[in-house]
Amino acid sequence: MFDQDLSRLDLIRVIGDIITEIDVARGSFPKESPERKEFDAWRRDLDAKQHALADAVFDEGMAAYQSASADIDTIARDMADAIADVNNTAQTFEDLARLASAIDDLLGCAASAVKAV
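Pasting the structure below:
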């Protein structure tokens with residue numbers, strides 16, 4: 001991840017890294033297991049959010065953007081090792097919910113930036 005302010009492209013990479021970790025983790029479970037199905041659902045959700053982020057227009061100087069992007073980076077850093085722990089899926093799913101919410105907040109910044117223009 002990054003130690004500086006994150007650009008939109010940096011965030012797309014951060015989310016892509018999490019999606020890759022999800023792909024690795026989901027491969028540890030049988031296809032019909034509840035854990036695999038939940039990982040699959042989170043993967044689809046984050047992929048859609050990553051696509052929306054790629055299409056969004058931001059003012060990266062806005063305080064709301066900087067706060068939301070910092071939240072995403074912090075959550076992604078915190079969960080990087082947890083995803084690989086197949087014995088702790090409950091925590092991973094909670095972290096994924098926090099990440100998805102932070103991405104939604106960021107996408108809300110894009111909507112605000114468009115309205116301001």
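Be aware that the sequence shown starts at 1, since it is given in UniProt numbering, and climbs by one per residue.
Just so you know, even glycine gets a beta-carbon here, dropped at the ideal spot from N, CA and C.
All values derive from a computational prediction rather than experimental measurement.
- By the Cβ-count criterion, A76 is buried, with 16 or more other Cβ atoms from all chains shown falling within 10 Å of its own Cβ.
- Take the alpha-carbon of R36 and the one of H51: they are about 22 Å apart.
- In the same chain as G16, and ignoring 5 residues on each side of it, the C-beta atoms closer than 8 Å to its own belong to Q50, in chain order.
- Segment contact: the segment 63-80 against the segment 28-43, fewer than three CB-CB distances shorter than 8 Å; contact not assigned.
- Each of I83, E32 and D105 was checked against the Cα of I19, and the nearest Cα belongs to I83.
- Rounded to whole angstroms, the Cβ separation of A68 and D105 is 5 Å, and the two are in contact under 8 Å.
- Proximity to E21 across R8, D59 and D85 peaks at D85, based on C-alpha coordinates.
- When rounded, the separation of the alpha-carbon atoms in C109 and S28 is 36 Å.
- Annotated three-state conformation of G61 is coil, per DSSP.
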